[in-house]
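K.L.:
Numbering (the numbering used here), first residue to last: 9 to 370. Ideal Cβ positions, reconstructed from N, Cα and C, are used throughout, including at glycine. I am attaching a structure below and will ask some questions about it afterwards.
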Ligand code: IPM
Ligand code: MG
């Protein structure tokens, strides 16, 4: 098959890990007879530096033309002055909104070889296999009014958590569909004891749940959920939640896997690709890690696993996906560790070496 993939390497370690993702895609193409055409575009701080905008129109257009987008990371101390008029993160939010990517899929799975890499006990984490489905284009991130509202009392600011039933309903349906393909359990997370938007969330969630009688359904308050994620994480199958709750819970859940450097994500909407898959944006869940940028020590596996998600979801290539996932598992089982995963006295491999090892195991 022929597919077009837009690359947004972004800032910090973004370019380093995307390079390894591309390396793996090229190897998959060679092995299975596909041609992937790559177009690189600017996003984030680097885009601000070069064009003044965190997401120039031509970058957005390049994403709209592609079958899938692979993003590294955006942001860094250079652009994080709270008074700055433009911020790299605005580019990412605009991308999600403009591309209609309302569902962010964040799988958290523990590789057997890494069950001791977590700060939690092996017996707590070893059976963890969950997916967090985070609503991505609504809630506090986009609700209006938003911004400074200085007044006679002094400085003030507002953010708004706003949801429509349509936004909640489509997110719940994607989540239930996923649960159906897995262990058939769905946990909806809200703060319905305090927030009106959460009470609507729960009302709509129950209506959609009635359409999926074969899926076990529960509601949990977000504070309790953050506790259960540490106490009994293996009980979760699919977690569906609003934007900000999902942002926080998914970072928490990433620690179950030992390192954020292991976790991929897919952001999906309703658009289909020429391959009959779903158009999507794929990115590691870690950030730009400016402290280690340029040192060649970042773990590229989250990006490589994001590439695996891209192959399955946007390009409908299951065998290829399984090959990449199996290669990652084999590399870990053989004992190779990037610095974020290495225990004391364990030998470490760098970013490029890790990418080469995955290709070698394909
Ligand atoms: C994430 C990140 C982003 C978010 C930032 C970089 C805007 O934390 O993808 O989880 O908050 O959504
Ligand atoms: Mg986050």
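Rounded to whole angstroms, what's the CA-CA distance from residue 304 to residue 358? Just pull it up for me.
P.N.:
Within the chain shown, numbered from 1, the residue matching residue 304 stands at position 296. Within the chain shown, numbered from 1, the residue matching residue 358 stands at position 350. The alpha-carbon atoms of residue 304 and residue 358 are separated by roughly 6 Å.
K.L.:
Could you tell me which residues DSSP puts in a beta bridge with residue 44?
P.N.:
Residue numbering aside, residue 44 sits at position 36 when the chain shown is read from its first letter. Paired residues: 11.
K.L.:
Rounded to the nearest angstrom, what separates residue 356 and residue 307 at their Cα positions?
P.N.:
What you label residue 356 is simply residue 348 of the chain shown in a count that begins at 1. What you label residue 307 is simply residue 299 of the chain shown in a count that begins at 1. Spanning the two alpha carbons is a distance of roughly 11 Å.
K.L.:
Are the beta-carbon atoms of residue 289 and residue 122 separated by less than 8 Å?
P.N.:
Working through the chain shown from its first residue, we reach residue 289 at position 281. Working through the chain shown from its first residue, we reach residue 122 at position 114. Their beta carbons are not under 8 Å apart, which means residue 289 does not touch residue 122 by this criterion.
K.L.:
Strictly by DSSP, which residues pair up with residue 194?
P.N.:
Residue 194 sits at position 186 when you count from the first residue of the chain shown. In the DSSP output, where bridge partners are listed per residue, residue 194 has 225 and 246.
K.L.:
What is the chain-ordered set of residues for which the beta carbon lies under 5 Å from any non-hydrogen atom of ligand 1?
P.N.:
Those satisfying the condition are, in chain order, 97 and 255.
K.L.:
Residue 156 lies in the beta strand (DSSP E); which residues open and close that run?
P.N.:
Residue 156 sits at position 148 when you count from the first residue of the chain shown. Where residue 156 is concerned, the enclosing beta strand (DSSP E) stretches over 151-156.
K.L.:
CB residue 370 to CB residue 39, shorter than 8 Å?
P.N.:
Residue 370 sits at position 362 when you count from the first residue of the chain shown. Residue 39 sits at position 31 when you count from the first residue of the chain shown. Yes.
K.L.:
Which of helix, strand or coil does DSSP assign to residue 201?
P.N.:
Locating residue 201 in the chain shown gives position 193, counting from the first residue. Here residue 201 sits in coil by DSSP.
K.L.:
From the DSSP output, in three-state form, read off residue 235 for me.
P.N.:
Residue 235 sits at position 227 when you count from the first residue of the chain shown. Helix, per DSSP.
K.L.:
Give the secondary structure of residue 127 by DSSP, where H, G and I count as helix, E and B as strand, and everything else as coil.
P.N.:
Residue numbering aside, residue 127 sits at position 119 when the chain shown is read from its first letter. In this structure, residue 127 counts as coil in the three-state DSSP scheme.
K.L.:
Could you pull out every residue in the same chain whose Cβ sits closer than 8 Å to the Cβ of residue 260, ignoring the five residues on either side in sequence?
P.N.:
For the purposes of this step, residue 260 is identified with residue 252 of the chain shown, where counting begins at 1. Excluding residues within five positions, the ones whose Cβ falls inside 8 Å are 234, 237 and 238.
K.L.:
Going by the C-beta, is residue 259 closer than 7 Å to any heavy atom of ligand 2?
P.N.:
Within the chain shown, the letter at position 251 stands for residue 259. Correct: residue 259 has its Cβ closer than 7 Å to ligand 2.
K.L.:
If you follow the beta strand (DSSP E) that residue 63 is in, where does it begin and where does it stop?
P.N.:
The residue given as residue 63 occupies position 55 in the chain shown. Careful: residue 63 lies outside any beta strand (DSSP E) and carries neither H nor E.
K.L.:
State the DSSP-derived secondary structure class of residue 110, mapped to helix, strand or coil.
P.N.:
For this step, residue 110 is matched to residue 102 along the chain shown. Coil, per DSSP.
K.L.:
Just to confirm my understanding: we take residue 124, look at its own chain, exclude 5 residues before and 5 after, and list those with CB closer than 7 Å. What are they?
P.N.:
The residue given as residue 124 occupies position 116 in the chain shown. So the qualifying residues of the chain are 130.
K.L.:
Return the residue from the list 325, 89 and 12 that minimises the CA-CA distance to residue 70.
P.N.:
As a first step, residue 70 is located in the chain shown; it is residue number 62 there, counting from the start. Closest by alpha carbon: 12.
K.L.:
Go through the segment 292-352 residue by residue and report every complete run of the alpha helix (DSSP H) that reaches 4 residues or more, in order.
P.N.:
List check, alpha helix (DSSP H) in window: 309-321 and 326-341.
K.L.:
If we count the other Cβ atoms within 10 Å of its Cβ and call it buried at 16 or more, is residue 199 buried or exposed?
P.N.:
Counted from its first residue, the chain shown places residue 199 at position 191. The residue in question, residue 199, is buried, as its Cβ has 16 or more Cβ neighbours within 10 Å.
K.L.:
Considering only residues of the same chain and omitting the five flanking positions on each side of residue 320, which have a CB-CB separation below 7 Å?
P.N.:
Counting from one through the chain shown, the residue named residue 320 turns up at place 312. Same-chain partners within the cutoff: 326 and 329.
K.L.:
Could you check which residue in 186, 298 and 156 has the C-alpha nearest to that of residue 91?
P.N.:
Against the chain shown, residue 91 aligns to sequence position 83. When each option's Cα is compared against that of residue 91, the closest is 156.
K.L.:
Need the endpoints of the alpha helix (DSSP H) that residue 368 sits in, please.
P.N.:
Looking up residue 368 in the chain shown gives position 360. 359-368 is the extent of the alpha helix (DSSP H) around residue 368.
K.L.:
Quick one: Cα of residue 167 to Cα of residue 186, how far?
P.N.:
Stepping through the chain shown from its first residue, residue 167 is reached at position 159. Stepping through the chain shown from its first residue, residue 186 is reached at position 178. C-alpha separation (whole angstroms): 31 Å.
K.L.:
Candidates 279, 115 and 126: which alpha carbon is nearest residue 348's?
P.N.:
Sequence index remark: in the chain shown, residue 348 carries index 340 (1-based). The candidate whose alpha carbon is nearest that of residue 348 is 126.
K.L.:
Is the CB-CB distance between residue 232 and residue 194 below 8 Å?
P.N.:
On the chain shown, residue 232 is found 224 positions in, with the first residue counted as 1. On the chain shown, residue 194 is found 186 positions in, with the first residue counted as 1. Cβ atoms of residue 232 and residue 194: not closer than 8 Å.
K.L.:
So, at 8 Å on beta carbons, what are the nonlocal neighbours of residue 332 in its own chain, with the 5 sequence-adjacent residues on each side left out?
P.N.:
For the purposes of this step, residue 332 is taken as residue 324 along the chain shown, with counting starting at 1. Taken in chain order, the residues that qualify are 32, 36, 312, 313, 315, 316, 319, 366 and 370.
K.L.:
Beta carbon of residue 62, beta carbon of residue 96: below 8 Å?
P.N.:
On the chain shown, residue 62 is found 54 positions in, with the first residue counted as 1. On the chain shown, residue 96 is found 88 positions in, with the first residue counted as 1. Yes. Within cutoff.
K.L.:
Would you say the segment 42-52 touches the segment 13-24, given that touching needs at least three Cβ pairs under 8 Å?
P.N.:
Contact holds: three or more Cβ-Cβ distances are below 8 Å.
K.L.:
Output yes or no for whether 8 Å exceeds the beta carbon distance between residue 184 and residue 216.
P.N.:
Taking the chain shown and counting its residues from 1, the one referred to as residue 184 is at position 176. Taking the chain shown and counting its residues from 1, the one referred to as residue 216 is at position 208. Closer than 8 Å, so yes.
K.L.:
If you draw a straight line from the C-alpha of residue 286 to the C-alpha of residue 255, how long is it?
P.N.:
Residue numbering aside, residue 286 sits at position 278 when the chain shown is read from its first letter. Residue numbering aside, residue 255 sits at position 247 when the chain shown is read from its first letter. Using only the alpha carbons, I get a separation of about 23 Å.
K.L.:
For a quick check, are the C-beta atoms of residue 78 and residue 15 less than 8 Å apart?
P.N.:
Your numbering for residue 78 matches position 70 in the chain shown. Your numbering for residue 15 matches position 7 in the chain shown. Their beta carbons are under 8 Å apart, which means residue 78 touches residue 15 by this criterion.
K.L.:
At which residues does the beta strand (DSSP E) containing residue 276 begin and terminate?
P.N.:
Residue mapping note: residue 276 aligns to position 268 of the chain shown, counting from 1. Counting along the chain, the beta strand (DSSP E) containing residue 276 begins and ends at 272-280.
K.L.:
How would you label residue 251, buried or exposed, when you count the other beta carbons within 10 angstroms and need 16 or more for buried?
P.N.:
Along the chain shown, one-based indexing puts residue 251 at 243. Residue 251 should be labelled buried.
K.L.:
Please classify residue 140: does DSSP put it in a helix, a strand, or coil?
P.N.:
Translated into positions along the chain shown, residue 140 becomes position 132. In this structure, residue 140 counts as strand in the three-state DSSP scheme.
K.L.:
Does DSSP put residue 19 in a helix, in a strand, or in coil?
P.N.:
As a working mapping, residue 19 is identified with position 11 in the chain shown. The answer is coil: DSSP assigns residue 19 none of H, G, I, E or B.
K.L.:
Does the distance from the CB of residue 116 to the CB of residue 338 come in under 8 Å?
P.N.:
What you label residue 116 is simply residue 108 of the chain shown in a count that begins at 1. What you label residue 338 is simply residue 330 of the chain shown in a count that begins at 1. Not a contact, by the Cβ cut-off of 8 Å.
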